[in-house]
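Accompanying notes for the structure given below.
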Amino acid sequence: MNYSQQRNCILNIVVSNPIHPTAEQVYDIARHSYPKISLGTVYRNLNQLADHGILKKICSSYGSVRFDGRTDPHFHMICSCCEKVFDVELGEMMCLNDKIRTKYDFDVTEYEISIKGICSECREKQESGESA
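Take my numbering: the final residue in the sequence shown is number 134, and no numbers are missing along the way.
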């Protein structure tokens, strides 16, 4: 994969952004540095970075695709109201590797676990009668 300033900008936006941005959000931020960048360029670069394991693609069952700059093993909580994605550390789940290997003779190479629910912000809105 060749280096380009635009690709580097896109990568830095995702890595430095804990909200797990969508391609559209990355595009909006990237336009500040590269006003002529196209949404197609952003999509293409995000997908290439994900295909090369530099970023992670998070596909939600709600239809949105978000990107994660963290490639280390971790899990996600996805709010079913606002679709925000939160990183969650579940160290005790990592011991599953040993249990799975022992019980099923299966080597875990990757996790793809998303916990769905309602974030505190949306829950507060629901409790106060606002729409989420």
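We put the CB at the ideal spot given by N, CA and C, even for glycine.
All values reported here derive from a predicted model rather than from experimental measurement.
- By the Cβ test, the stretch 9 to 20 is in contact with the stretch 43 to 57, since at least three Cβ pairs between them sit closer than 8 Å.
- Each residue's CA atom was taken as its position, placing Asp74 and Leu57 some 10 Å apart.
- In the DSSP assignment, Cys81 falls within the beta strand (DSSP E) that extends over 77 to 81.
- In the three-state reduction of the DSSP assignment, Ser122 falls in the helix class, which pools H, G and I.
- Note: Phe88 is bridge-paired with Met79 in the DSSP secondary-structure output.
- With contacts defined by Cβ atoms closer than 8 Å, Val87 and Ile80 form a contacting pair.
- In the DSSP annotation of this structure, the continuous segment of the beta strand (DSSP E) that includes Arg68 starts and ends at 67 to 70.
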